[in-house]
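Trainee:
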Amino acid sequence: SVGYDPASNQKDDDADFVTETLQRRLYSEEFAHWHQWVKGEFVVMDNVSQLHARTELGMGGRHMRRIHFN
């Protein structure tokens, strides 16, 4: 099991593995979708389960990411 004990502020090795694995995937371009919008396009999504972020707003495109845990 993956565990964290708040009383001792200790994580087990499984927790470290899961955290490192998620971090690599969250920020890997391999798992990202880059989109160039075309006039008239729109998107419909389940916003609760989407992962979003964004790059700096400028004249070009932007990169969006978000994460939500229930």
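All residue numbers for the sequence shown refer to UniProt numbering, where the first residue is 1 and numbers rise by one. The C-beta atom is built at its ideal place from N, Cα and C for all residues, glycine as well.
#1: Could you tell me whether the Cβ atoms of R25 and F31 are closer together than 7 Å?
#2: Helix, strand or coil: how does DSSP classify Q36 here?
#3: Give the range of the alpha helix (DSSP H) segment to which E29 is assigned.
#4: Give me the Cα-Cα distance between D14 and G40, rounded to the nearest whole angstrom.
Mentor: Let's see:
#1: Yes. Within cutoff.
#2: Here Q36 sits in coil by DSSP.
#3: No alpha helix (DSSP H) contains E29, which DSSP labels as neither H nor E.
#4: Going by the C-alpha atoms only, they are around 46 Å apart.
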